[in-house]
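Engineer:
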Amino acid sequence: MGAAVDLALKPEDEAFASSFRVWLEGNLLRPPAFVDLADEVSWGREWQATLAAERWVGVHWPSAYGGRSATPVQVALYQSEYARSQAPQPVNRVGINLVGPTLLAHGTDDQRLRYLPSILSAEEIWCQLFSEPDAGSDLASLSTQAVAVEGGFEVTGRKVWTSYAQFATWGLCLARTDPDAPRPQQGISALIVDMSAPGVDIRPLVQMTGDAEFNEVFLNDVFVPTEQLVGIEGQGWTVAGSTLAHERGTNFPFKEQVVHETYLARLYKEALANGALDDPVVADALAQSYIDLGVLRLHNLRTLTRLGRGEEPGPESSWVKLMWTTMTQHLSETGMAVTGRDPVSSQSGPWARQWLWSRAASIAGGTSEVQRDIIAGRILRLPR
1383 MGAAVDLALK PEDEAFASSF RVWLEGNLLR PPAFVDLADE VSWGREWQAT LAAERWVGVH
1443 WPSAYGGRSA TPVQVALYQS EYARSQAPQP VNRVGINLVG PTLLAHGTDD QRLRYLPSIL
1503 SAEEIWCQLF SEPDAGSDLA SLSTQAVAVE GGFEVTGRKV WTSYAQFATW GLCLARTDPD
1563 APRPQQGISA LIVDMSAPGV DIRPLVQMTG DAEFNEVFLN DVFVPTEQLV GIEGQGWTVA
1623 GSTLAHERGT NFPFKEQVVH ETYLARLYKE ALANGALDDP VVADALAQSY IDLGVLRLHN
1683 LRTLTRLGRG EEPGPESSWV KLMWTTMTQH LSETGMAVTG RDPVSSQSGP WARQWLWSRA
1743 ASIAGGTSEV QRDIIAGRIL RLPR
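Under the numbering used here, the first residue of the sequence shown carries the number 1383, and numbering increases by one thereafter.
1) According to DSSP, simplified to helix, strand and coil, what is R1474?
2) So the candidates are D1395, L1410, W1737; which of them puts its Cα closest to the Cα of M1590?
3) Express the C-alpha separation of L1611 and V1794 in angstroms, rounding to a whole number.
4) Who are the near neighbours of I1570 in its chain, counting only those whose CB is closer than 6 Å to its CB and skipping five residues on each side?
5) Is it buried or exposed for Q1510, if we count other Cβ within 10 angstroms and need 16 for buried?
6) Taking buried to mean at least 16 other C-beta atoms within 10 Å of its own C-beta, is T1490 buried or exposed?
7) Would you report the Cα separation of Y1546 and A1594, rounded to the nearest angstrom?
8) Would you report the Cα separation of E1396 and Q1468, rounded to the nearest angstrom?
9) Using a threshold of 7 Å, state whether the C-beta atoms of V1702 and H1681 are closer than that.
10) Taking Cβ positions, are D1603 and T1538 nearer each other than 7 Å?
11) Would you say V1481 and T1544 are within 7 Å of each other, going by their C-beta atoms?
12) Can you name the start and end residues of the beta strand (DSSP E) that N1597 belongs to?
13) Using the rule of at least 16 other Cβ atoms within 10 Å of the residue's Cβ for burial, across every protein chain shown, is R1450 buried or exposed?
14) Output the boundary residues of the alpha helix (DSSP H) element that contains P1454.
15) Opposite V1588 in the DSSP bridges: which residues?
16) Name the DSSP bridge partner or partners of E1643?
17) At which residues does the beta strand (DSSP E) containing A1530 begin and terminate?
18) Figure out for me which residue from E1506, A1522, L1704 has the closest Cα to the Cα of L1678.
19) Return the chain-ordered list of same chain residues with a C-beta closer than 7 Å to the C-beta of V1542, the five sequence neighbours on each side being excluded.
20) With DSSP as the reference, label T1708 as helix, strand or coil.
21) In the DSSP assignment, find the alpha helix (DSSP H) that holds T1484 and state where it starts and stops.
22) Rounded to the nearest angstrom, what separates V1606 and P1483 at their Cα positions?
23) Report back the beta-carbon spacing between Q1430 and V1457 to the nearest angstrom; my notes put them in contact at under 8 Å.
24) Once the 5 residues before and after R1766 are set aside, which same chain residues still bring their CB inside 8 Å of it?
25) Which same chain residues end up closer than 8 Å to W1405 when comparing Cβ atoms and leaving out the 5 residues on each side of it in sequence?
26) In the DSSP assignment, the beta strand (DSSP E) including R1766 goes from what residue to what residue?
27) Counting along the chain, where does the alpha helix (DSSP H) carrying D1661 start and finish?
28) With 16 as the cutoff for other CB atoms within 10 Å, does M1383 come out buried or exposed?
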């Protein structure tokens, strides 16, 4: 029998959420119509700097480094309030949510002092150089090489699906420093790559939506100084574990719950107005979306209970990721049915764009196949 769910928040958690809600009400900026992605990123830097000035970005970071030392419960509440306000996401998300916590866990004091302040302010944007064309879900099979030279390393390889690389100042890169290590997870190191260094070639990838925030990054004998090694040489897999734990952490389901509550309310209102609700297929689809969202909400309450007790989320986070993938794709398909649009022939409008984006949901953040494997092995205890 599962553990009881505690629906009560501590007074300090309620005060934290209320304080952020009030701040958003008085300071939230709505983005204008952007000319292109570069214009959007430029505006995003200004919005993130506004958040950082009041320490409302990177709230999970220690106060000594510009955060608020927020507890996991408070981080979940922060994400919910942020999503509920429909505020634009901070532009330096990779730096805030992935690189910052990784440097806090594995970086030197000099690295923290050098890089952390500019991450919060978005003065310097970061990207993550992990995935490769032949090393996506199986990251340990990466082939990018980092050869030791005087004063550092020369890095050669190819990375892909690198968000905002064309705007990034720095990239956190995994490269193989010991190709003769007995196991693929061994002999990998984490390096900070200057994205403007000679030998870095960034090529944007245009997605189905027409956007190009993803990129291929080619590294050709790129020099990385020794002081830009994160953690111990050859122990990059441990560093990567910290990064990926934050990528698949507890922030995601709480934000997505609120985002999809907003989507569903908007879609129901539109179906009611245009008569689509009279179609039993559409009505059933909306009802199923409501049920799916209710299940996600109950899971999030259970997760909050665990976090409040000081417990870490377990492998059930893979089930949440898998459920969210199905939910967002199903809701997007329902959106197209309500609006009567064909996303393949007409890519205009928010629901068409959402439908196109949702196709990647089964890949981003860990493929559905990988999530099913985790569920089978770690939850159901099925044989390999």
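Backbone N, C-alpha and C fix where the C-beta goes; we use that ideal spot for every residue, glycine too. Keep in mind that this is a model prediction, so the values were computed, not measured.
Structural biologist: According to the structure data:
1) In the sequence as displayed, the identity of residue 1474 is Asn instead of Arg. Here N1474 sits in coil by DSSP.
2) Selection D1395, L1410, W1737 evaluated against M1590 yields W1737 as nearest (Cα-Cα).
3) Lying outside 1383 to 1766, the shown extent of the chain, residue 1794 is not represented and no answer is given.
4) In chain order, L1556, R1558, G1618, W1619 place their CB closer than 6 Å to the CB of I1570, counting only its own chain and leaving out the 5 sequence neighbours on each side.
5) It counts as buried.
6) Exposed.
7) Between the alpha carbons of Y1546 and A1594 lies a gap of roughly 9 Å.
8) E1396 and Q1468: Cα-Cα distance of roughly 20 Å.
9) Yes.
10) Against a cut-off of 7 Å, the Cβ pair of T1538 and D1603 comes out as a contact.
11) Not closer than 7 Å, so no.
12) Taken as a continuous stretch (DSSP letters only), the beta strand (DSSP E) holding N1597 covers 1596-1607.
13) By the neighbour-count rule (16 or more Cβ atoms within 10 Å), R1450 is buried.
14) 1454-1466 is the span of the alpha helix (DSSP H), which, as asked, contains P1454.
15) DSSP, once it has assigned bridges, lists no residue as partnering V1588.
16) Looking at the DSSP assignment, E1643 forms no beta bridge with any residue, so it has no partner.
17) Run containing A1530: 1527-1531, per the beta strand (DSSP E) assignment.
18) Per the Cα distances, L1704.
19) Excluding residues within five positions, the ones whose Cβ falls inside 7 Å are S1513, E1514, P1515, E1598.
20) T1708: helix per DSSP, three-state reduction.
21) Counting along the chain, the alpha helix (DSSP H) containing T1484 begins and ends at 1482-1488.
22) Going by the C-alpha atoms only, they are around 21 Å apart.
23) The distance from the Cβ of Q1430 to that of V1457 is about 17 Å, inconsistent with a contact at the 8 Å cut-off.
24) Closer than 8 Å at Cβ, skipping near neighbours: G1759.
25) The residues are E1436, W1438.
26) Following the DSSP letters along the chain, one finds R1766 in no beta strand (DSSP E), marked with neither H nor E.
27) Element bounds for D1661: n/a, residue is neither H nor E.
28) In this predicted model, M1383 has a pLDDT of only 41, less than 50, meaning its place in the structure is not dependable enough to derive any value.
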